[in-house]
Amino acid sequence: MKPVFEYTKGMRETELHYCPGCTHGIAHRLIMEVLEERGDLGNCIAVSPVGCSIVAHQYMNVDMMESPHGRAPAVASGIKRVHPDSPVFTYQGDGDLASIGTNEIIHAAERGEKFCTFFINNAIYGMTGGQMAPTTLIGQKTTTCVDGRTIEQAGMPMRMCELISCQDRAVYVERVSLDSPANVRKAKSAIRRAFKVQDLKLGFAFVEFLSICPTNWGLTAPKAMEWLRENMMPYYPVKQFKCPEEVKEVK
Amino acid sequence: MAEKKLMKGNEAFAAAAINAGCRYYFGYPITPQSEVPEYMSRELKKAGGAFIQAESELGAINMAYGASAAGGRVLITSSSPGIALMQESIGLLCSVQLPVVIINVMRGGPGIGSIQPGQADYNQVTRGGSNGDYHTIVLAPNSIQEAIDMIGKAFDLADEYRNPVIIAADGMLGQMMEPVVMPEPKAALTEEEIPVVKPYALTGHKNKRDRHAINSVWLKQELLENYINEYWPKYEKAERELQDWESRNLEGAEVVFVAYGSTSRIAMEAMEMLADEGIKVGLIRPKTLWPFPVNAFKEIDFNTTKHIISVELSQGQMIYDVKLAVECKLPVSLINRVGGMLLDPQEIVDRTKKIMEVK
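Heads up: the sequence lines are chains A and B, in that order. Letter by letter, the first sequence follows residues 1 to 251 in this note's numbering. Letter by letter, the second sequence follows residues 252 to 610 in this note's numbering.
Written out as structure tokens, the structure is:
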């Protein structure tokens, strides 16, 4: 009998440490499923960030290394010089990429580095216990802004897709969401396009995933999904910012 | 025999690295080492390698981290404040046991300091400014030829010990010109050779082995303790086997200078001037700063030697290692300049005589 669904060989058979309801598991699986489809699990080299997903190498079945906080794009640039034909990606959260690592990500994008960055935006520092991130929304409560983030005190939330799409050599930039089955399928297509951009050596590819953090948001997973739709989507619009002709047809 | 060429220090450092099979260099401009990235930007591609002008020293060392993890032979260089910025990842490279060669073309400090030669990064390179337990092997050349030879050796030591190796050069060595001979060139590893020679490298598992994970984080503290204790003997081995020094005229010496790098050459001139006046001076020149060559101090003739003087371009940093090596058998004095100022031989002569007057 032909199986209709199988656990991807891209994920190692081990228990995830992520909190119940966390969307890291979905993002991990989507990336690994795409690599498996492409037959690239054995060729890929990846970089994990500092944050909840630092131990992504325990779950993803590809060669992988940890990066110091924020430096994953520099680390990946070094890997790519030694193995220019291997698919390389960084997996980074919003504290890592949008705060301490802004220099590295902007310059990697501007150099047109031939790797993909998968950016998990859940509007909070998860691993350290729910502090304000650069992506925390105005009015959102965290442990370092208990009355809600204000513009006066912390400025406006950083919109990374908008920022990165200003770089000419960032040729593929798309924001997707992990809030619903339909959007999860679209997210997977975005991952396919990002790797295709890398195959064709067209430039830098960046995909942002709107994600949830039920534990630090203090919400159940379904409520967190609603919160994402009601609060994150208006400020962080789900859209394709840039896409080269060559990969437009990739679904 | 290879031809003798007149080369500027910084260019010779870069050429020596390519000659030693280095194919990856990530640099950021800072005086007095900027000729290294300039040279690499021209020459590395010709050798089949890759150069990136990084966005910062943080970028440079993390590119080096990625390239080293991927199996490449990697060089990075900077000068004092730039090396300060790299500290986080120097400790991280030690924690994941990856090789990289780092040249510090030292200038005056602290802070942004001056752009003239200095040695006030002695503590920075031998103790390190990163967090946690680790050591870096530190080699200290006193001529451009010796720097060339040490750079070749540094790459091999970095691979053997799977640890960063630092070359403690200074602005004088970086900026001056001397006749040099390059050793026989070494080939870089091919893509096929990397997984054989460096089995830890990230090359993609090719569906033939388990995936490699290079991790610096340990969520179970007892496992981290075990891991540190597992690799720590390599540092004890380094302390036993790597100590290296040059000694001169120790037999019958009344005074012994301890000096490294370009300062040692100024001290040598002062030794000759003092000898002309009938004062016998010996010299210990550490060629490794870590491990510090404590064994060299067994060669001192404590029947004749009454004064030991640490000669440094810092406010007395190496002197603590000298005192530990002398084991309180004699007081240790300091002759120094700081901030990018150099000692001249006559100043060393005069200050040595003053020290000798004190009973």
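We put the CB at the ideal spot given by N, CA and C, even for glycine.
Identify whether residue 183 of chain A lies in helix, strand or coil by the three-state DSSP scheme. As a first step, residue 183 of chain A is located in the first sequence; it is residue number 183 there, counting from the start. DSSP places residue 183 of chain A in the helix class (H, G or I) of the three-state scheme.
Thinking just about the alpha-carbon of each residue, which of A:175, A:183, A:182, A:211 is nearest to the one in residue 194 of chain A? Walking along the first sequence from the start, residue 194 of chain A turns up at place 194. Cα-wise, what sits closest to residue 194 of chain A is A:175.
Could you tell me the alpha carbon to alpha carbon distance between residue 372 of chain B and residue 355 of chain B, rounded to whole angstroms? Position 121 of the second sequence holds residue 372 of chain B. Position 104 of the second sequence holds residue 355 of chain B. Residue 372 of chain B and residue 355 of chain B: Cα-Cα distance of roughly 9 Å.
Within-8 Å CB hit, residue 408 of chain B to chain A: The count along the second sequence starts at 1 and reaches residue 408 of chain B at position 157. Not an interface residue.
Spell out the partners DSSP gives residue 325 of chain B in its beta bridges. Mapped onto the second sequence, residue 325 of chain B falls at position 74. Paired residue(s): B:275.
As an exercise, report each continuous beta strand (DSSP E) stretch of at least 3 residues that is fully enclosed by the stretch 477-511 of chain B, in chain order. Qualifying beta strand (DSSP E) stretches, in chain order: 496-499, 506-509.
In this structure, how does DSSP classify residue 35 of chain A when only helix, strand and coil are distinguished? Working through the first sequence from its first residue, we reach residue 35 of chain A at position 35. It is helical.
Residue 136 of chain A versus residue 68 of chain A - alpha carbon distance: As a position in the first sequence, residue 136 of chain A is number 136, starting the count at 1. As a position in the first sequence, residue 68 of chain A is number 68, starting the count at 1. Rounded to whole angstroms, residue 136 of chain A to residue 68 of chain A spans 22 Å at the Cα level.
How about residue 452 of chain B and residue 321 of chain B: do their beta carbons lie closer than 8 Å? If you number the second sequence from 1, residue 452 of chain B lands on position 201. If you number the second sequence from 1, residue 321 of chain B lands on position 70. It is a contact, given that the beta carbons lie within the stated cut-off.
Beta-carbon proximity list for residue 203 of chain A, same chain, < 6 Å, skipping 5 on both sides: Stepping through the first sequence from its first residue, residue 203 of chain A is reached at position 203. Residues 112, 169, 171 of the same chain have their beta carbon placed closer than 6 Å to that of residue 203 of chain A, with the five preceding and five following residues left out of the count.
Reducing DSSP to helix, strand and coil, say where residue 292 of chain B ends up. Translated into the one-based positions of the second sequence, residue 292 of chain B becomes position 41. Residue 292 of chain B falls in the helix class under three-state DSSP.
Are the CB atoms of residue 596 of chain B and residue 517 of chain B nearer to each other than 8 Å? The residue you call residue 596 of chain B lines up with position 345 of the second sequence. The residue you call residue 517 of chain B lines up with position 266 of the second sequence. Closer than 8 Å, so yes.
Quick one: what's residue 558 of chain B bridged to in DSSP? Here residue 558 of chain B refers to the residue found at position 307 of the second sequence. Looking at the DSSP output, residue 558 of chain B sits in a beta bridge with B:506.
Pull up the distance between the alpha-carbon of residue 104 of chain A and that of residue 71 of chain A, whole angstroms please. Walking along the first sequence from the start, residue 104 of chain A turns up at place 104. Walking along the first sequence from the start, residue 71 of chain A turns up at place 71. Approximately 6 Å between the Cα atoms of the pair.
Using a cut-off of 7 Å between C-beta atoms, extract the partners of residue 65 of chain A located in chain B. The sequence position of residue 65 of chain A within the first sequence is 65, counting from 1. For residue 65 of chain A, the chain B residues whose Cβ falls inside 7 Å of its Cβ are 320, 453, 465, in order along the chain.
Note down, in chain order, each residue of its chain lying with its Cβ closer than 6 Å to the Cβ of residue 315 of chain B, except the 5 sequence neighbours on either side. Locating residue 315 of chain B in the second sequence gives position 64, counting from the first residue. 277, 325, 327, 351, listed in sequence order.
Should the stretch 41-59 of chain A be called in touch with the stretch 8-15 of chain A, which here means at least 3 C-beta pairs below 8 Å? With the cut-off at 8 Å, the stretch 41-59 of chain A and the stretch 8-15 of chain A touch.
Best match in B:524, B:261, B:606, B:588 for proximity to residue 422 of chain B [C-alpha to C-alpha]: Taking the first residue of the second sequence as position 1, residue 422 of chain B is located at position 171. Checking every option, the nearest Cα to that of residue 422 of chain B belongs to B:261.
Considering only residues of the same chain and omitting the five flanking positions on each side of residue 132 of chain A, which have a CB-CB separation below 7 Å? For the purposes of this step, residue 132 of chain A is taken as residue 132 along the first sequence, with counting starting at 1. So the list reads 142, 144, 145, 149, 154, once near-sequence residues are dropped.
Can you list, in chain order, the residues of the stretch 411-435 of chain B whose Cβ is nearer than 7 Å to any Cβ on chain A? Interface annotation for the stretch 411-435 of chain B against chain A: empty, criterion Cβ-Cβ distance under 7 Å.
Beta-carbon proximity of residue 236 of chain A to residue 122 of chain A, cut-off 8 Å: Your numbering for residue 236 of chain A matches position 236 in the first sequence. Your numbering for residue 122 of chain A matches position 122 in the first sequence. No, Cβ-Cβ distance for residue 236 of chain A and residue 122 of chain A is not below 8 Å.
From residue 442 of chain B to residue 317 of chain B, what does the alpha carbon distance come to, in whole angstroms? Start at 1 with the first residue of the second sequence, and residue 442 of chain B comes out as number 191. Start at 1 with the first residue of the second sequence, and residue 317 of chain B comes out as number 66. Using only the alpha carbons, I get a separation of about 16 Å.
For residue 49 of chain A, which residues in chain B fall below 8 Å Cβ to Cβ? The residue labelled residue 49 of chain A in the question sits at position 49 within the first sequence. Those do not exist, as residue 49 of chain A stays about 11 Å from chain B at its closest Cβ, beyond 8 Å.
Own chain partners of residue 270 of chain A with C-beta closer than 7 Å, once the 5 adjacent residues on each side are dropped: Residue 270 of chain A is absent from the structure shown; chain A starts at 1 and stops at 251.
Beta carbon of residue 127 of chain A: closer than 7 Å to some heavy atom of the ligand FMN? Absence of the ligand FMN is noted for the structure shown, with no ligands found whatsoever.
Burial state of residue 559 of chain B, where buried means 16 or more other Cβ atoms lie within 10 Å: As a working mapping, residue 559 of chain B is identified with position 308 in the second sequence. When all chains shown are included, residue 559 of chain B counts as buried.
Can you give me the C-alpha to C-alpha distance between residue 388 of chain B and residue 537 of chain B, rounded to a whole angstrom? Indexing the second sequence from 1 puts residue 388 of chain B at position 137. Indexing the second sequence from 1 puts residue 537 of chain B at position 286. In a straight line, the C-alpha of residue 388 of chain B is about 13 Å away from that of residue 537 of chain B.
What are the residues that DSSP puts in a beta bridge with residue 301 of chain B? Taking the second sequence and counting its residues from 1, the one referred to as residue 301 of chain B is at position 50. Residue 301 of chain B has B:275 as its beta-bridge partners, per DSSP.
Cα-Cα separation between residue 307 of chain B and residue 300 of chain B, rounded to whole angstroms: Taking the second sequence and counting its residues from 1, one reaches residue 307 of chain B at position 56. Taking the second sequence and counting its residues from 1, one reaches residue 300 of chain B at position 49. About 20 Å.
Which whole-angstrom value describes the C-beta separation of residue 119 of chain A and residue 206 of chain A, a residue pair presumed to lie in contact below a C-beta threshold of 8 Å? The residue labelled residue 119 of chain A in the question sits at position 119 within the first sequence. The residue labelled residue 206 of chain A in the question sits at position 206 within the first sequence. For residue 119 of chain A against residue 206 of chain A, the beta-carbon gap comes to about 7 Å, under 8 Å, which counts as contact.
Let me make sure I understand the geometry here. Which of B:337, B:290, B:253 has the alpha-carbon closest to that of residue 259 of chain B? Sequence index remark: in the second sequence, residue 259 of chain B carries index 8 (1-based). The option with the nearest alpha carbon to residue 259 of chain B is B:290.
Neighbour list for residue 82 of chain A in chain B, Cβ cutoff strictly below 7 Å: As a working note, residue 82 of chain A is residue 82 in the first sequence. Those within 7 Å of residue 82 of chain A in chain B are 275, 318, 321, 322, 323.
What distance in whole Å lies between the Cβ atoms of residue 553 of chain B and residue 574 of chain B, which are believed to be in contact at a cut-off of 8 Å? Here residue 574 of chain B refers to the residue found at position 323 of the second sequence. Here residue 553 of chain B refers to the residue found at position 302 of the second sequence. About 15 Å separates the beta carbons of residue 574 of chain B and residue 553 of chain B, which is beyond the 8 Å limit, so they are not a contact pair.
Just checking: is the beta-carbon of residue 116 of chain A within a distance shorter than 8 Å of some beta-carbon in chain B? Here residue 116 of chain A corresponds to residue number 116 of the first sequence, with the count starting at 1. With 8 Å as the cut-off, residue 116 of chain A does not count as an interface residue toward chain B.
So, does the CB of residue 75 of chain A fall closer than 8 Å to a CB anywhere in chain B? Position 75 of the first sequence holds residue 75 of chain A. It does: the Cβ of residue 75 of chain A has a partner Cβ on chain B nearer than 8 Å.
6 Å CB neighbourhood of residue 46 of chain A in its chain, flanking five on each side removed: Locating residue 46 of chain A in the first sequence gives position 46, counting from the first residue. Counting only Cβ-Cβ distances below 6 Å, and skipping sequence neighbours, we find 62, 64, 89.
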